[in-house]
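**Student:** Would you mind keeping the following structure in view while I ask a few things?
There are 2 protein chains.
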Amino acid sequence: MKKALAIDVGGTKIYNTIIDESGKIVGEIEKRPTPKTFDEIKTVFKEIISKYEDDVDVIAFATCGAVNNENTGILGSTGNIAKEYPSMDFKSLSSKPVFVENDANAAAWAEHVIGASKGMPYSVMLTLGTGVGGGIILDNKLYKGKSGAAGEMHFKLRTDNHRKCTCGSFDCFEAYASGTGLRLTAVEMSNNPNITTYDVIAGKQNGCEQMTSIFNKWQDDILAGIIGLANLFDPDVVVLSGSMAEFVDIEYLEKEANKQIVTQPFKVVKASAGNYSGMIGAALLALGVK
Amino acid sequence: MKKALAIDVGGTKIYNTIIDESGKIVGEIEKRPTPKTFDEIKTVFKEIISKYEDDVDVIAFATCGAVNNENTGILGSTGNIAKEYPSMDFKSLSSKPVFVENDANAAAWAEHVIGASKGMPYSVMLTLGTGVGGGIILDNKLYKGKSGAAGEMHFKLRTDNHRKCTCGSFDCFEAYASGTGLRLTAVEMSNNPNITTYDVIAGKQNGCEQMTSIFNKWQDDILAGIIGLANLFDPDVVVLSGSMAEFVDIEYLEKEANKQIVTQPFKVVKASAGNYSGMIGAALLALGVK
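Top line first, the protein sequences correspond to chains A and B.
Read the first sequence against this note's numbering and you will find it ends at 823, with the numbers running on by one and no gaps.
Read the second sequence against this note's numbering and you will find it ends at 823, with the numbers running on by one and no gaps.
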């Protein structure tokens with residue numbers, strides 16, 4: 534069975550492991566902090582690759598940042614990682630084939646092949662964490678757009694420049710539907726600048742009315758985004774993943790969204806490919822598993 | 534050269550003509566009011582078809598309503614046309630092949646083959662009229678989604694249930710970016726319930742500050758939608774068509790949108806396939822012209 538060395542590159546952590554073509558993790562999961570400088574990141578990549586490349590058929594990166602349609606490198610700039618990172622020459626890192634994909638796209642592919650959207654040709658995945666990632670699968674293919682950058686969940690939920698988004702613009706879905714968005718919604722609704730997402734989640738679980746209404750506002754912003762995506766893409770399913778997805782009421786979202794769309798009924802489900810779906814999806818893509 | 538009898542079915546008018554495989558209109562343009570009842574609509578279709586079917590290779594409908602992926606009939610319900618219309622058995626209307634596509638999708642295809650998005654594999658078309666229609670072309674193919682209903686421009690620009698949309702939900706792009714949306718924005722901003730879109734357009738052209746600021750708010754709502762679509766689809770181009778498109782500042786929209794997106798640069802252009810692009814696109818699709 535063919536195997537990939539999978540490397541997940543985030544702004545704060547780099548993970549790696551070995552994954553076979555069934556999507557099974559067959560190596561140790563290693564984890565280290567993402568170094569500050571471009572050269573240090575490159576050194577870490579080389580260390581990992583030299584240790585494992587003889588045991589695998591391909592090297593598969595799941596990385597932050599948009600990845601080109603050739604799956605060889607990063608497009609444009611990325612947020613919280615060394616500013617030269619987009620110039621990384623991934624191919625030169627190994628004598629084995631090197632494949633690169635955006636982490637959210639890779640995770641969506643893992644769900645499509647072995648997870649919650651398996652068997653469904655049209656799916657949109659939303660990764661609700663500190664920010665919001667997106668991955669779109671259309672007709673059983675990862676949708677990348679003209680340059681590779683498609684699937685960015687930066688569509689506006691307001692038009693009055695109310696809340697600055699990490700992308701530099703205002704009022705994107707990410708700015709409301711993310712964990713950061715929940716915190717900011719809580720600050721606005723409670724007039725408490727020190728309130729945390731934990732306060733809202735714990736308060737709601739303890740039956741606090743105010744925290745429940747803050748939570749519901751956040752969840753309805755997620756609902757609003759899902760409705761728009763369903764009307765645009767007419768998908769079989771919207772998959773929710775990421776640390777914040779565990780708190781949402783999936784049944785409510787599915788039922789309410791289906792009431793409001795003009796397209797055909799669709800499902801809303803939670804991701805099931807696990808915490809390492811980015812590495813799994815990158816490995817499956819690199820190994821050509823559909 | 535192969536030819537299609539093209540029939541455009543809207544809520545108020547039915548048009549028909551003959552179109553060849555180069556996209557050229559080679560017949561008279563006939564126009565009649567859309568009858569009130571299902572049986573009368575069927576009778577009109579039969580009249581048109583019996584008159585022209587011997588002269589053409591296929592019958593091509595561009596119709597209101599979402600059309601299935603088999604291009605044989607309507608999905609779900611449609612707004613302002615006889616309520617039984619979605620049950621129309623189009624195939625039974627002629628001994629020649631009958632092809633059906635949604636009017637906005639057909640118009641987007643006409644732009645792709647002979648119009649403003651020619652030569653560009655990824656395009657999103659917005660038809661700004663009384664409402665807003667949408668057509669999405671991805672990788673040189675009309676994007677229809679799992680059931681055929683994709684490309685509905687019902688994504689929310691607000692989340693406070695401010696303005697009811699024709700779809701039954703609130704605050705969709707259509708409710709702001711359409712001609713009707715401009716009128717409602719004008720009513721809100723002027724506190725004059727009788728203000729018309731004409732008043733805004735004429736006032737702006739005459740240099741009225743208030744009308745200009747109403748117009749700019751409407752145009753910035755269109756901009757907000759375009760930014761979201763560009764971040765989701767990473768298209769080569771967004772094409773604006775419809776009666777309201779002639780008023781917008783295309784250069785402004787392109788420049789501002791490109792400043793705010795996180796994906797790669799794209800164009801904003803006006804449609805160029807003409808007033809009958811729905812019929813032209815349906816004919817080209819029916820004749821298999823790419």
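Note that CB positions come from ideal geometry on N, CA and C, so glycine has one too.
Check the Cβ of N764 (chain A) against every Cβ in chain B and list those closer than 7 Å, keeping chain order.
**Tutor:** Against the first sequence, residue 764 (chain A) aligns to sequence position 231. Neighbours of N764 (chain A) on chain B, chain order: E685, H687, F688.
**Student:** Measure from the alpha carbon of F748 (chain B) to the alpha carbon of each residue in B:A763, B:I760, B:V770, B:A719, then state which is nearest.
**Tutor:** Residue 748 (chain B) sits at position 215 when you count from the first residue of the second sequence. Cα-wise, what sits closest to F748 (chain B) is B:A719.
**Student:** Using a 10 Å radius around the Cβ and a threshold of 16 neighbouring Cβ atoms, would you call K792 (chain B) buried or exposed?
**Tutor:** Locating residue 792 (chain B) in the second sequence gives position 259, counting from the first residue. By the 10 Å Cβ count, K792 (chain B) comes out exposed.
**Student:** Per the DSSP calculation, T660 (chain A) is bridged to which residue(s)?
**Tutor:** Looking up residue 660 (chain A) in the first sequence gives position 127. BP columns for T660 (chain A) point to A:G666, A:S774.
**Student:** What first and last residue would you give for the beta strand (DSSP E) that runs through A595 (chain B)?
**Tutor:** Counting from 1 along the second sequence, the entry for residue 595 (chain B) is found at position 62. Segment 591–596, the beta strand (DSSP E) holding A595 (chain B).
**Student:** May I ask you to report which of helix, strand or coil DSSP gives T729 (chain B)?
**Tutor:** Taking the first residue of the second sequence as position 1, residue 729 (chain B) is located at position 196. Coil, per DSSP.
**Student:** Does the beta-carbon of A735 (chain A) have 16 or more other beta-carbons within 10 angstroms, so that it is buried, or is it exposed?
**Tutor:** Taking the first residue of the first sequence as 1, we reach residue 735 (chain A) at position 202. Counting Cβ neighbours within 10 Å, A735 (chain A) comes out exposed, since fewer than 16 surround it.
**Student:** Can you tell me whether K569 (chain B) is buried or exposed? The criterion is at least 16 other CB atoms within 10 Å of its CB, across all chains shown.
**Tutor:** Along the second sequence, read from residue 1 onward, the residue named residue 569 (chain B) stands at position 36. The residue in question, K569 (chain B), is exposed, as its Cβ has fewer than 16 Cβ neighbours within 10 Å.
**Student:** Comparing C-alpha positions only, which one of B:K579, B:N635, B:G712 sits nearest to D754 (chain B)?
**Tutor:** By 1-based counting over the second sequence, the position of residue 754 (chain B) is 221. Measuring from the Cα of D754 (chain B), the nearest candidate turns out to be B:G712.
**Student:** For K788 (chain A), which option in A:F780, A:P798, A:A708 has the closest C-alpha, if you only look at C-alpha atoms?
**Tutor:** The residue you call residue 788 (chain A) lines up with position 255 of the first sequence. Among A:F780, A:P798, A:A708, the Cα nearest to that of K788 (chain A) belongs to A:P798.
**Student:** Answer with yes or no whether the minimum CB distance from T713 (chain A) to chain B is below 7 Å.
**Tutor:** Against the first sequence, residue 713 (chain A) aligns to sequence position 180. For T713 (chain A), the answer is no, since every Cβ of chain B falls outside 7 Å of its Cβ.
**Student:** Which same chain residues, not among the five before or five after E779 (chain B), have their C-beta less than 8 Å away from its C-beta?
**Tutor:** Within the second sequence, numbered from 1, the residue matching residue 779 (chain B) stands at position 246. For E779 (chain B), where only same-chain residues beyond five positions count, the Cβ hits under 8 Å are K803.
**Student:** Chain E partners of S774 (chain B), CB-CB under 7 Å?
**Tutor:** In summary, chain E is missing from the structure at hand, where the protein chains are A and B.
**Student:** Could one say the Cβ of T545 (chain B) lies closer than 7 Å to chain A's Cβ atoms, at least one of them?
**Tutor:** Within the second sequence, residue 545 (chain B) is the residue found at index 12, counting from 1. Cβ-Cβ to chain A under 7 Å: no for T545 (chain B).
**Student:** Write down the C-beta distance between L817 (chain A) and G648 (chain A) rounded to the nearest angstrom, noting that I regard them as a contact closer than 8 Å.
**Tutor:** As a first step, residue 817 (chain A) must be located in the first sequence, where it is residue number 284. As a first step, residue 648 (chain A) must be located in the first sequence, where it is residue number 115. Actually they do not touch by this definition, with Cβ atoms about 11 Å apart.
**Student:** Using a C-beta to C-beta distance shorter than 8 Å, which residues of chain B count as neighbours of Y655 (chain A)?
**Tutor:** Counting from 1 along the first sequence, the entry for residue 655 (chain A) is found at position 122. Under the 8 Å cutoff, chain B gives G678, K679.
**Student:** Taking CB distances under 7 Å as the criterion, tell me whether C741 (chain B) reaches chain A.
**Tutor:** The count along the second sequence starts at 1 and reaches residue 741 (chain B) at position 208. Judged by the 7 Å Cβ criterion, C741 (chain B) is not in contact with chain A.
**Student:** Name the chain A residues that come within less than 7 Å of L608 (chain B), Cβ to Cβ?
**Tutor:** Here residue 608 (chain B) is taken as the residue at index 75 of the second sequence, counted from 1. Within 7 Å Cβ-Cβ: Q797.
**Student:** For a test of the three-state rule: what should DSSP assign to R691 (chain A), helix, strand or coil?
**Tutor:** Within the first sequence, numbered from 1, the residue matching residue 691 (chain A) stands at position 158. Correct three-state label for R691 (chain A): coil.
**Student:** Taking contact to mean 3 or more Cβ pairs, one atom from each stretch, closer than 8 Å, check whether the region 599–606 of chain B and the region 534–548 of chain B are in contact.
**Tutor:** Touching, no.
**Student:** At 8 Å on the CB atoms, spell out the chain B contacts of T663 (chain A), in chain order.
**Tutor:** To locate residue 663 (chain A), count along the first sequence from 1; it is residue 130. Correct list: empty, because the minimum Cβ distance to chain B is about 16 Å.
**Student:** Using a Cβ cut-off of 8 Å, which residues of the region 602–630 of chain A contact any Cβ in chain B, in chain order?
**Tutor:** Listed in sequence order: L608, G609.
**Student:** Leaving out the 5 sequence neighbours to the left and right, which residues in its chain are closer than 6 Å to G684 (chain A) when beta-carbon positions are compared?
**Tutor:** On the first sequence, residue 684 (chain A) is found 151 positions in, with the first residue counted as 1. G667, G668, I669, listed in sequence order.
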